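Asker: The sequence shown lines up with residues 5 to 583 when you count with my numbering.
Could you have a look at this structure, given as structure tokens, before my questions?
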Amino acid sequence: MLDKRSLYRRLWVYIKPHRGRIALSMFGSLLCAGADGAMARLIQPFVDKVIVAKDAEMIFLVPWLILGLQLVKAGGRYLQEYFIKTAGQLAIQSIRNDLFSHVMNLSMRFFGKNPTGVLMSKHLNDVQSLQSSLAEVLVGAMRDLVTLLALIGVAFYTDWKMAAIAFVVLPLAAWPISMIGKRIKSYARKGQGIMGELSRTLEQSFSGVKVIKGFGAEKEISSRFRGENLSYYKTLSKVFKYDAGSSPFIEIVTGIGMFAIIRYGMEQVQNEVMTVGQLFSICGAIMLMYAPFKRLTKFNNYLQIAMGAAERVFAVLDEPLEIRDQEKAIDLGVAKGAVVFDDVSFAYDDDQPILSSLSLAVSPGEVVALVGPSGAGKTTISALLCRFYDPTSGVITIDGHDISAVSLASLKQNLAMVDQESFLFNETIADNIRFSKPQATDAEVIEAARQAFADEFIAALPDGYQTRIGDRGLRLSGGQRQRICIARALLRNAPILILDEATSALDTESEAMVQQALLNLMHNRTTFVIAHRLSTIMHADKIVVLEEGRIVEVGRHNELLEHVDGLYRRLYDMQFRES
Ligand SMILES: Nc1ncnc2c1ncn2[C@@H]1O[C@H](COP(=O)(O)OP(=O)(O)O)[C@@H](O)[C@H]1O
Ligand SMILES: [Mg+2]
């Protein structure tokens with residue numbers, strides 16, 4: 005938790021580069037405030053000389069003065085709004101950039117703990133509310149404060165005793181208003197929580213629409229949504245209630261102030277201690293004060309919202325980069341592909357070991373299959389090799405280099421992965437294949453697709469390689485998606501390959517093709533294959549059988565089958581019986 009001062013200091017880092025704009029904006033608000041003050045001050049000669057004394061010179065001058073002042077105010081307002089808003093927006097833009105690139109560099113552990121929806125909300129809602137509240141605070145506070153000061157100056161200059169009466173009332177109003185503000189804040193916070201649930205429901209419902217429709221659950225989901233929506237309204241209506249209450253409250257307080265002033269002022273005018281013009285001038289000043297004062301009472305609310313949002317944003321920016329380059333990280337270059345796990349242990353959470361003392365040596369070009377019941381730790385092994393996480397103890401080496409000592413960029417350059425999810429971006433097919441090698445030529449992309457047995461169906465699409473993959477690739481079959489992912493991995497041309505259940509979602513027809521594509525991909529590469537179907541890994545150079553994070557057997561298919569009581573034999577028999 006950051007204290008207030010360091011929060012301001014960190015915000016200032018983002019605002020500081022734009023202080024020229026802020027200075028211009030301040031100058032603008034000085035013009036506005038000056039014009040308002042002068043207007044209030046002008047009421048006196050206007051009433052005394054024009055209306056009462058009918059002074060010809062003033063009759064000519066006053067309308068021009070008023071017009072001039074309005075022009076000054078208009079110019080001031082433009083400077084003030086334009087420059088403060090662009091300054092705020094520029095500051096927010098760099099906060100958003102920093103946030104995004106920081107989050108992109110955070111470890112998979114962070115993404116495991118923070119669901120996509122929450123991260124989206126941080127980037128959109130928190131940054132947005134930081135932006136609007138910050139602009140409100142910067143724009144409003146500056147103009148209103150200066151205006152208020154100018155008007156107070158005019159009032160005191162005209163008749164300090166009368167002005168004093170008016171200003172006894174203002175502080176009296178401030179206290180209840182701050183109480184109301186607290187109420188508003190607590191309901192607003194509750195509302196934000198409900199809004200979070202609402203967006204979670206939305207996200208889940210849209211991404212899971214197939215399941216919802218499949219089980220005919222549209223009604224239930226709609227009624228749950230309706231419930232959350234209603235409770236959002238109920239909370240928000242409390243915010244509205246208090247918020248709507250605060251303006252009339254100020255009206256009443258202002259009314260009381262006016263009452264006192266006019267009572268006193270009339271007396272003064274009657275006793276000829278004060279001119280009518282002076283009375284009007286003070287009343288004018290007080291009325292002009294109404295709007296800025298009202299906005300200033302809300303200043304604290306906006307400030308709280310902005311600070312709350314800033315706190316959440318900075319908390320993410322403060323997440324330490326768990327996986328990062330060491331100071332003198334070496335460049336792995338193009339590795340031969342010798343991979344060694346030396347006594348590696350790992351836990352996602354401190355208390356639950358997932359891999360225990362795992363040792364494994366793989367020679368360049370070897371195909372290693374990882375098999376075992378689900379939850380045994382197969383995917384975890386590949387995640388450690390990709391350095392999504394660092395082992396709790398032990399080391400993983402490639403060509404003898406500890407992977408935590410080589411640069412992340414060069415490590416990743418040596419790895420290509422195809423997994424079960426076969427995630428494709430919502431872009432063209434060519435873009436998706438080229439993702440692994442942005443500088444690849446069209447010919448290289450097509451060649452990769454050809455080797456992945458994807459060229460034929462891609463060419464048959466209406467827009468060929470320029471066809472956009474719709475959300476979740478609804479227009480492609482599982483096998484087609486998988487082959488695009490294989491093309492992506494092929495194009496990478498990395499010496500080490502990880503195939504995590506890369507064929508699990510396929511039908512038999514496309515499986516044959518994907519198998520052939522994978523064989524193309526595995527050629528001359530160190531390959532880790534994770535597969536449920538043992539038929540697909542029978543020819544591996546080495547089969548590693550895992551159970552509860554430990555290696556229980558290692559060998560070739562035939563050797564392992566000979567261990568009659570072995571886990572591999574049991575798994576094999578089970579699958580053999582099924583088919
Ligand atoms: N991100 C994660 N956070 C916490 N635990 C995890 C995470 N991913 C996997 N696990 C746990 O680690 C164990 C091994 O998972 P995994 O490596 O995915 O197994 P496999 O791929 O062999 O099915 C499982 O018990 C699983 O619940
Ligand atoms: Mg897995």
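A virtual CB, placed ideally from N, CA and C, is assigned to each residue, including glycine.
This one's a predicted model, so the numbers in the text were calculated from it and none came from an experiment.
CB of E425 to nearest heavy atom of ligand 2: below 8 Å?
Answerer: As a working note, residue 425 is residue 421 in the sequence shown. Every heavy atom of ligand 2 is 8 Å or more from the Cβ of E425, so no.
Asker: Can you tell which of L134, N418, L152, L300 has the C-alpha that lies nearest to the C-alpha of K340?
Answerer: Stepping through the sequence shown from its first residue, residue 340 is reached at position 336. When each option's Cα is compared against that of K340, the closest is N418.
Asker: If you draw a straight line from the C-alpha of E515 to the C-alpha of G212, how long is it?
Answerer: To locate residue 515, count along the sequence shown from 1; it is residue 511. To locate residue 212, count along the sequence shown from 1; it is residue 208. Those two C-alpha atoms are separated by around 26 Å.
Asker: For V280, tell me which candidate among L565, R581, L46 has the shortest Cα-Cα distance.
Answerer: Counting from one through the sequence shown, the residue named residue 280 turns up at place 276. Per the Cα distances, L46.
Asker: Leaving out the 5 sequence neighbours to the left and right, which residues in its chain are closer than 8 Å to L34 when beta-carbon positions are compared?
Answerer: Counting from 1 along the sequence shown, the entry for residue 34 is found at position 30. The residues are G80, V150.
Asker: Can you tell me where the alpha helix (DSSP H) with R454 in it begins and where it stops?
Answerer: Mapped onto the sequence shown, residue 454 falls at position 450. Element bounds for R454: 446 to 455.
Asker: I385: beta carbon under 8 Å from a heavy atom of ligand 1?
Answerer: Within the sequence shown, the letter at position 381 stands for residue 385. Flag set: Cβ of I385 near ligand 1.
Asker: Among residues of its own chain, excluding the 5 on either side of D423, which ones have a beta-carbon nearer than 6 Å to its beta-carbon?
Answerer: Residue mapping note: residue 423 aligns to position 419 of the sequence shown, counting from 1. Result list for D423: D504, in chain order.
Asker: Quick one: is T445 buried, meaning 16 or more other Cβ sit within 10 Å of its Cβ, or exposed?
Answerer: Within the sequence shown, the letter at position 441 stands for residue 445. By the 10 Å Cβ count, T445 comes out exposed.
Asker: Using 8 Å for Cβ pairs, my map puts L73 next to A39. What's the rounded Cβ distance?
Answerer: Here the question's residue 73 lines up with position 69 in the sequence shown. Here the question's residue 39 lines up with position 35 in the sequence shown. Rounded, the Cβ-Cβ distance is 5 Å, consistent with contact.
Asker: Check whether the region 521 to 534 touches the region 492 to 506, counting contact only when three or more Cβ pairs, one atom from each stretch, lie closer than 8 Å.
Answerer: Contact between the region 521 to 534 and the region 492 to 506 is present, because at least three Cβ pairs lie under 8 Å.
Asker: Within its chain, find whatever has a CB closer than 8 Å to the CB of G288; leave out the 5 residues flanking it on each side and keep chain order.
Answerer: Counted from its first residue, the sequence shown places residue 288 at position 284. Excluding sequence neighbours, G288 sits near M43, A44, I47.
Asker: Please say whether A139 and G2 have beta carbons closer to each other than 9 Å?
Answerer: Lying outside 5 to 583, the shown extent of the chain, residue 2 is not represented and no answer is given.
Asker: Just to confirm the assignment: which complete alpha helix (DSSP H) runs, minimum length 4, are found wholly within the region 54 to 123?
Answerer: With a minimum length of 4 residues, the continuous alpha helix (DSSP H) runs that stay inside the region 54 to 123 are 60 to 109, 112 to 117.
Asker: Rank A319, E224, Q443 by C-alpha distance to the C-alpha of L11 and give the top, closest one.
Answerer: By 1-based counting over the sequence shown, the position of residue 11 is 7. Closest option to L11, Cα to Cα, is A319.
Asker: Would you kindly check if the distance between the Cβ of A491 and the Cβ of V449 is under 9 Å?
Answerer: As a working note, residue 449 is residue 445 in the sequence shown. As a working note, residue 491 is residue 487 in the sequence shown. Against a cut-off of 9 Å, the Cβ pair of A491 and V449 comes out as a contact.
Asker: Within 8 Å: the Cβ of D504 and any heavy atom of ligand 2?
Answerer: In the sequence shown, residue 504 corresponds to position 500, counting from 1. Yes, the beta carbon of D504 sits closer than 8 Å to at least one heavy atom of ligand 2.
Asker: What are the start and end residues of the alpha helix (DSSP H) that includes V317?
Answerer: Within the sequence shown, the letter at position 313 stands for residue 317. Its alpha helix (DSSP H) spans residues 280 to 321.
Asker: May I ask you to list the residues that DSSP assigns as paired with K546?
Answerer: Counting from 1 along the sequence shown, the entry for residue 546 is found at position 542. The partner list for K546 (beta bridge, DSSP) reads V372.
Asker: Can you tell me where the beta strand (DSSP E) with F345 in it begins and where it stops?
Answerer: Locating residue 345 in the sequence shown gives position 341, counting from the first residue. 343 to 351 is the extent of the beta strand (DSSP E) around F345.
Asker: Which two residues bound the contiguous beta strand (DSSP E) that contains F532?
Answerer: Residue 532 sits at position 528 when you count from the first residue of the sequence shown. F532 -> beta strand (DSSP E) spans 530 to 534.
Asker: Would you decide whether N305 is buried or exposed? Buried here means 16 or more other CB atoms lie within 10 Å of its CB.
Answerer: Walking along the sequence shown from the start, residue 305 turns up at place 301. By the neighbour-count rule (16 or more Cβ atoms within 10 Å), N305 is buried.
Asker: Could you say which of S29, E451, L412 lies nearest to R487 if we only look at CA atoms?
Answerer: Locating residue 487 in the sequence shown gives position 483, counting from the first residue. R487 has its Cα closest to that of E451, out of S29, E451, L412.
Asker: Is it a yes or a no for the region 269 to 286 touching the region 87 to 107, going by three-plus beta-carbon pairs under 8 Å?
Answerer: With the cut-off at 8 Å, the region 269 to 286 and the region 87 to 107 do not touch.
Asker: Among F457, L480, A456, which has the Cα closest to the Cα of L465?
Answerer: As a position in the sequence shown, residue 465 is number 461, starting the count at 1. For L465, the nearest C-alpha among the options comes from L480.
Asker: Along the chain, where does the alpha helix (DSSP H) that runs through P499 open and close?
Answerer: What you label residue 499 is simply residue 495 of the sequence shown in a count that begins at 1. No alpha helix (DSSP H) contains P499, which DSSP labels as neither H nor E.
Asker: Got a sec: does ligand 1 put a non-hydrogen atom nearer than 8 Å to the Cβ of M421?
Answerer: Here residue 421 corresponds to residue number 417 of the sequence shown, with the count starting at 1. Because no heavy atom of ligand 1 lies under 8 Å away, the Cβ of M421 does not count as near it: no.
Asker: If we count the other Cβ atoms within 10 Å of its Cβ and call it buried at 16 or more, is G32 buried or exposed?
Answerer: Taking the first residue of the sequence shown as position 1, residue 32 is located at position 28. Buried is the call here.
Asker: Which same chain residues, not among the five before or five after L94, have their C-beta less than 7 Å away from its C-beta?
Answerer: Here residue 94 corresponds to residue number 90 of the sequence shown, with the count starting at 1. If we look at L94 and ignore the five residues flanking it on each side, its Cβ neighbours are H22.
Asker: Could you check whether A458 and Q484 sit closer than 9 Å to each other, using their CB atoms as the reference points?
Answerer: Reading the sequence shown from its first residue, position 480 is the one you call residue 484. Reading the sequence shown from its first residue, position 454 is the one you call residue 458. In this structure, A458 lies closer than 9 Å to Q484 by Cβ.
Asker: Does the region 248 to 256 come into contact with the region 180 to 194, if we say contact requires no fewer than three beta-carbon pairs (one atom in each stretch) closer than 8 Å?
Answerer: Judged by Cβ distances under 8 Å, the region 248 to 256 makes contact with the region 180 to 194, as three or more pairs qualify.
Asker: Within the region 184 to 257, note down every full beta strand (DSSP E) run reaching 3 residues or more, in order along the chain.
Answerer: For the region 184 to 257, not a single whole beta strand (DSSP E) run of length 3 or above is found.
Asker: Report the rounded CA-to-CA distance for Y576 versus A373, giving the unit in angstroms.
Answerer: One-based indexing of the sequence shown puts residue 576 at position 572. One-based indexing of the sequence shown puts residue 373 at position 369. Computed Cα separation, rounded: 14 Å.
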